[in-house]
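J.: Going by UniProt numbering, the sequence shown opens with residue 1, and the numbers climb by one from there.
Don't be surprised by glycine CBs; every beta carbon is placed ideally from N, CA and C.
Note that the structure is a prediction, hence the values are computed from the model and not measured.
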Amino acid sequence: MSTAQPAGSNANAAASPAATSATNSEGLNQGLKTRHLTMMGLGSTIGAGLFLGTGVGIQAAGPAVIIAYIIAGFVTVCVMQMLAEMVAARPSSGSFATYADQAFGPRGGFTLGWLYWFMQMMIVGAEITGASFIISGWFDVAPWIPAAIAVVLFTGINLMAVRGYGEFEFWFALIKVVVIIAFLIIGILLVFGLLPGSDAVGFSRLSEVGFAPNGIGGIATAMLAVVFAFGGIEVVTIAAAESENPKESVHAAIRSAIWRIGVFYIGSVFLIILLLPYSEIGKADDASESPFTTVLSQANIPGAVGIMEVVIVMALLSACNAQLYGSSRLLYSMSRGGDAPKFFNQTNASGVPTYAVLLSIFFAIVTVALNYWSPPGLLTFLLNAVGGCLLAVWIGVIASYLKLHPELVRTGEITEVRMWGYPWLAWVTLATIFGFVTLMLFNQGGRLELASTAVIVAIIVVASLIVHHNSGANAQTLADRERVRAESD
């Protein structure tokens, strides 16, 4: 995760005619604008969890699910602001993995980087599989066909210059944003009976079952259902290293993405609570059961199911595209720091880490294949680890921030982009996350997630011990490791 130009990378990328942007110290082109980063944050976060999973939290907590979303949103805002402070001071495509390396040495960066990379691969596989099943129903083809087409499409997109990728993701994510805004407008009109043939329902449904029909236990269950919905926005901090002005871009993008996500999630959930009877809201296995579809049907929107299917496919593919981008840049950065084979730090004429992209694509294919051919229980075990991995990464971010913040202040690297209330708010955020972990211990599904995560983390930690012991790169700081590699060269 060093910032020196590796010997094996394309040092002339910036001078290539294909490179239309400045090149940063890591050899990557700085072609992304703030609007690209903002939409990447939205695109990676607004997925099937919103359109299909919203009902789970509502069913568990009733209207009190809003509390769960606010608490989860608070944690997300704080974690992202801590990341923003570190990114503004020390931009790196390795993001939190680089900062864990700087704070706790090579094994910290190795563990956090590969843990997040594993999580991204599992998410990508699930998203491609989900989208392919919907598309296969449209054209009456086997699901693997649209899955293969999606893989080829994303390979091409992620191998193009980063500005081209940013434009694609911008418009891809914008479609979802437009649909959600339209949903919010339609929902508000329905609440007040302003659409033809609709009667005002106002806030009457809030009293049907009470604010928290299942008490504190219901809110706790909903917390587990909604906390993971905000995961994915971390990719913004990875992409910041390829933006024209990392400090300003990451701050503006995170701030913009967070409040928009808050409005979209909390606004949509609140409207669903107002418009639909509590007994009719639950888990949605497909677009026809989505509460969004039901609301659109109330508004007599023709083809509501078809519209939601298209939106869900776009949501899945947009999030998948953002995760593939993030995973390739993270792998590139880990390669530069000695946490992955060196050839992954090679870039093409457009400043794109080609081999890192191809490896992420390859494992995306493997993950998709596991949905069709895998030993019984293997895929379930791997997917169960995703939620726990996210919490582990967030814990790593907070720990890195608490360790690095005094150093950034002492060295004068700190910028005006800062986390608020150091160190107390960081500790409150950390305590809240451990509260989530405690709740998971009292939930059967949560216990399975924690057990799966523990196994994955243990494997990665053992791998870090082996890799850094065998390579001799067991120095305790990033600077030490760079000096060791320079002397060996």
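Restricting to runs no shorter than 4 residues, where is the alpha helix (DSSP H) found entirely within the stretch 335 to 414?
T.: As far as the stretch 335 to 414 is concerned, its whole alpha helix (DSSP H) runs of at least 4 residues are 354 to 370 and 378 to 411.
J.: Could you tell me the alpha carbon to alpha carbon distance between residue 490 and H251, rounded to whole angstroms?
T.: Residue 490 is absent from the model: the chain starts at 1 and stops at 489.
J.: Flag this pair as touching only if the stretch 53 to 66 and the stretch 220 to 233 have three or more C-beta atom pairs under 8 Å; answer yes or no.
T.: yes
J.: Have a look at A103, A431 and G166 and flag the residue whose alpha-carbon is nearest the alpha-carbon of Q323.
T.: Here residue 323 is taken as the residue at index 323 of the sequence shown, counted from 1. The option with the nearest alpha carbon to Q323 is G166.
J.: Counting only the same chain and skipping the five closest in sequence on each side, list residues whose C-beta sits under 7 Å from that of V124.
T.: Sequence index remark: in the sequence shown, residue 124 carries index 124 (1-based). Taking C-beta separations shorter than 7 Å and ignoring five residues to either side along the sequence, the partners of V124 in its chain run C320, Q323, L324, A364 and T367, following chain order.
J.: Hey, F292 and F110: beta-carbon distance below 7 Å or not?
T.: Taking the first residue of the sequence shown as 1, we reach residue 292 at position 292. Taking the first residue of the sequence shown as 1, we reach residue 110 at position 110. Their beta carbons are not under 7 Å apart, which means F292 does not touch F110 by this criterion.
J.: Ordered along the chain, which non-local residues of its own chain (more than five positions away) have a Cβ less than 6 Å from that of M308?
T.: Counting from 1 along the sequence shown, the entry for residue 308 is found at position 308. Cβ neighbours of M308 beyond the five flanking positions: A287, S290, F292 and T293.
J.: Where are the alpha helix (DSSP H) runs, 4 residues long or more, that stay fully inside the stretch 253 to 311, in chain order?
T.: 291 to 298
J.: Roughly how many angstroms lie between the CA atoms of V87 and W138, to the nearest whole one?
T.: For the purposes of this step, residue 87 is taken as residue 87 along the sequence shown, with counting starting at 1. For the purposes of this step, residue 138 is taken as residue 138 along the sequence shown, with counting starting at 1. Using only the alpha carbons, I get a separation of about 43 Å.
J.: Determine the DSSP secondary structure at N29, reduced to helix, strand or coil.
T.: Counting from one through the sequence shown, the residue named residue 29 turns up at place 29. The answer is strand: DSSP assigns N29 an E or B state.
J.: Looking only at C-alpha atoms, which of Y69, G130, G396 and I266 sits nearest to A315?
T.: The count along the sequence shown starts at 1 and reaches residue 315 at position 315. Closest by alpha carbon: G130.
J.: Measuring only the C-alpha atoms, how far is V79 from G94?
T.: Translated into positions along the sequence shown, residue 79 becomes position 79. Translated into positions along the sequence shown, residue 94 becomes position 94. Cα to Cα, the separation comes out at about 16 Å.
J.: Using a Cβ distance threshold of 8 Å, determine whether the stretch 346 to 364 contacts the stretch 325 to 332, with at least three qualifying pairs required.
T.: yes
J.: Ends of the alpha helix (DSSP H) at W136?
T.: Taking the sequence shown and counting its residues from 1, one reaches residue 136 at position 136. With the sequence shown as reference, residue 136 is identified as Ser, and Trp is not the correct amino acid for it. Here the alpha helix (DSSP H) through S136 covers P106 to F139.
J.: Where A200 and I175 are concerned, what is the direct C-alpha to C-alpha distance, given to the nearest angstrom?
T.: Here residue 200 corresponds to residue number 200 of the sequence shown, with the count starting at 1. Here residue 175 corresponds to residue number 175 of the sequence shown, with the count starting at 1. Going by the C-alpha atoms only, they are around 29 Å apart.
J.: Would you call the CB atoms of G187 and V310 closer than 7 Å?
T.: Here residue 187 refers to the residue found at position 187 when the sequence shown is read from its first residue. Here residue 310 refers to the residue found at position 310 when the sequence shown is read from its first residue. No, Cβ-Cβ distance for G187 and V310 is not below 7 Å.
J.: Spatial neighbours of residue 490 within its chain, please: C-beta separation below 7 Å, excluding the five flanking residues on both sides.
T.: Within the shown structure, residues of the chain are numbered from 1 to 489, placing residue 490 beyond reach of any answer.
J.: Note down, in chain order, each residue of its chain lying with its Cβ closer than 6 Å to the Cβ of T155, except the 5 sequence neighbours on either side.
T.: Here the question's residue 155 lines up with position 155 in the sequence shown. Taken in chain order, the residues that qualify are I361.
J.: Tell me the rounded alpha-carbon separation between G202 and I273.
T.: The sequence position of residue 202 within the sequence shown is 202, counting from 1. The sequence position of residue 273 within the sequence shown is 273, counting from 1. C-alpha separation (whole angstroms): 11 Å.
J.: Less than 7 Å between the beta carbons of A299 and L194, yes or no?
T.: Here residue 299 refers to the residue found at position 299 when the sequence shown is read from its first residue. Here residue 194 refers to the residue found at position 194 when the sequence shown is read from its first residue. Contact: no.
J.: Taking CB distances under 7 Å as the criterion, tell me whether I123 reaches chain C.
T.: Checking the listed chains, one finds no chain C in this structure; it contains a single protein chain.
J.: Quick one: what's got a C-beta closer than 7 Å to I135's C-beta in the same chain, skipping five residues either side?
T.: The residue you call residue 135 lines up with position 135 of the sequence shown. Result list for I135: P146 and V313, in chain order.
J.: In terms of residue numbering, what span does the alpha helix (DSSP H) encompassing L83 cover?
T.: Along the sequence shown, read from residue 1 onward, the residue named residue 83 stands at position 83. From DSSP, the alpha helix (DSSP H) with L83 extends over V65 to A89.
J.: What is the rounded straight-line gap between the Cα of Q120 and the Cα of G282?
T.: In the sequence shown, residue 120 corresponds to position 120, counting from 1. In the sequence shown, residue 282 corresponds to position 282, counting from 1. Approximately 27 Å between the Cα atoms of the pair.
J.: What residue range is occupied by the uninterrupted alpha helix (DSSP H) comprising R35?
T.: Within the sequence shown, the letter at position 35 stands for residue 35. Counted as a single uninterrupted DSSP element, the alpha helix (DSSP H) harbouring R35 occupies residues T34 to T45.
J.: At what residues does the alpha helix (DSSP H) containing G166 begin and finish?
T.: Counting from one through the sequence shown, the residue named residue 166 turns up at place 166. Taken as a continuous stretch (DSSP letters only), the alpha helix (DSSP H) holding G166 covers V162 to V191.
J.: What do you get for Y372, buried or exposed, if any count of 16 or more other CB atoms within 10 angstroms of its CB means buried?
T.: For this step, residue 372 is matched to residue 372 along the sequence shown. Counting Cβ neighbours within 10 Å, Y372 comes out exposed, since fewer than 16 surround it.
J.: Identify whether S243 lies in helix, strand or coil by the three-state DSSP scheme.
T.: Position 243 of the sequence shown holds residue 243. It is a strand residue.
J.: Taking 8 Å as the limit between beta carbons, can you name the residues of its chain near S249, skipping five residues before and five after?
T.: Position 249 of the sequence shown, counted from the start, is the residue given in the question as residue 249. Within the same chain, S249 has close Cβ partners L32, K33, T34, L37, A240 and S243.
J.: If contact is defined by three or more beta carbon pairs under 8 Å, each pair taking one atom from either stretch, is the stretch 454 to 470 in contact with the stretch 384 to 392?
T.: yes
J.: Measure the C-alpha to C-alpha separation of F436 and D140 and round it to an integer number of angstroms.
T.: Residue 436 sits at position 436 when you count from the first residue of the sequence shown. Residue 140 sits at position 140 when you count from the first residue of the sequence shown. Looking at the two C-alpha atoms, the distance is approximately 42 Å.
J.: Hey, how far is the Cα of A89 from the Cα of L391?
T.: Working through the sequence shown from its first residue, we reach residue 89 at position 89. Working through the sequence shown from its first residue, we reach residue 391 at position 391. One C-alpha to the other measures close to 24 Å.
J.: Mind checking W171: buried by the 16 CB within 10 Å criterion, or exposed?
T.: Numbered from 1 along the sequence shown, position 171 holds the residue referred to as residue 171. With fewer than 16 Cβ atoms within 10 Å of its Cβ, W171 is classed as exposed.
J.: Can you name, in chain order, every residue of its own chain whose Cβ lies under 8 Å from the Cβ of G197, other than the five neighbours on each side?
T.: Here residue 197 corresponds to residue number 197 of the sequence shown, with the count starting at 1. Contacts found: N300.
J.: Exposed or buried, which one is F211 when buried takes at least 16 other CB atoms within 10 Å?
T.: Against the sequence shown, residue 211 aligns to sequence position 211. It is exposed - the Cβ of F211 has fewer than 16 other Cβ atoms within 10 Å.
J.: In whole angstroms, what is the alpha-carbon distance linking S207 and A72?
T.: Taking the first residue of the sequence shown as position 1, residue 207 is located at position 207. Taking the first residue of the sequence shown as position 1, residue 72 is located at position 72. So the alpha carbons of these two residues sit roughly 25 Å apart.
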